[in-house]
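> With my numbering, the residue at position 89 of the sequence shown is 460, and numbering never jumps.
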Amino acid sequence: SAASRERLNETVPKNFLERFDVIISGNDTEKGKPSPEPYLVAMNKLRVLPAESIVVENAPLGIKSARSAGAYCIAITSTMDKSFLEEADKIIDNFSDLGNLFK
Numbered sequence: 372s373a374a375s376r377e378r379l380n381e382t383v384p385k386n387f388l389e390r391f392d393v394i395i396s397g398n399d400t401e402k403g404k405p406s407p408e409p410y411l412v413a414m415n416k417l418r419v420l421p422a423e424s425i426v427v428e429n430a431p432l433g434i435k436s437a438r439s440a441g442a443y444c445i446a447i448t449s450t451m452d453k454s455f456l457e458e459a460d461k462i463i464d465n466f467s468d469l470g471n472l473f474k
């Protein structure tokens with residue numbers, strides 16, 4: 372997230388954050404999106420290659436960041452129309468569709 376760690380802790384339920392092995396916040400990188408740095412830092416911490424990574428995004432700057440990092444990018448139209456998300460590898464309409472991709 373581009374948000375600070377403090378902001379994440381204030382706004383995101385703790386039980387949700389605990390589901391992730393790695394969380395990268397705005398505090399963890401020198402450059403934010405659209406730089407690939409946030410995703411490259413996450414990949415490094417997870418010890419995965421960009422080609423092994425799937426990023427889920429909802430905004431053009433995040434899509435650019437993910438693609439520049441070499442990850443496959445799925446965009447969700449939760450906050451923007453599909454026309455703004457066309458640079459993603461795949462566009463879906465909701466999180467239920469995301470689950471269906473991995474069945």
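Backbone N, C-alpha and C define an ideal beta-carbon position, used for all residues, glycine too.
May I ask you to list the residues that DSSP assigns as paired with residue 462?
The sequence position of residue 462 within the sequence shown is 91, counting from 1. Paired residues: 446.
> Is it buried or exposed for residue 384, if we count other Cβ within 10 angstroms and need 16 for buried?
Here residue 384 is taken as the residue at index 13 of the sequence shown, counted from 1. Its Cβ having fewer than 16 others within 10 Å, residue 384 is exposed.
> Enumerated in chain order, which unbroken segments of the beta strand (DSSP E) with a length of 3 residues or greater are wholly contained in the region 407 to 432?
The qualifying runs are 425 to 428.
> Considering only the alpha carbon of each residue, which of 439, 390, 446 and 376 lies closest to residue 410?
In the sequence shown, counting from the first residue as 1, residue 410 sits at position 39. Checking every option, the nearest Cα to that of residue 410 belongs to 439.
> Where does residue 404 sit, in a helix, a strand or coil, going by DSSP?
Taking the sequence shown and counting its residues from 1, one reaches residue 404 at position 33. Of the three classes helix, strand and coil, the one that applies to residue 404 here is coil, per DSSP.
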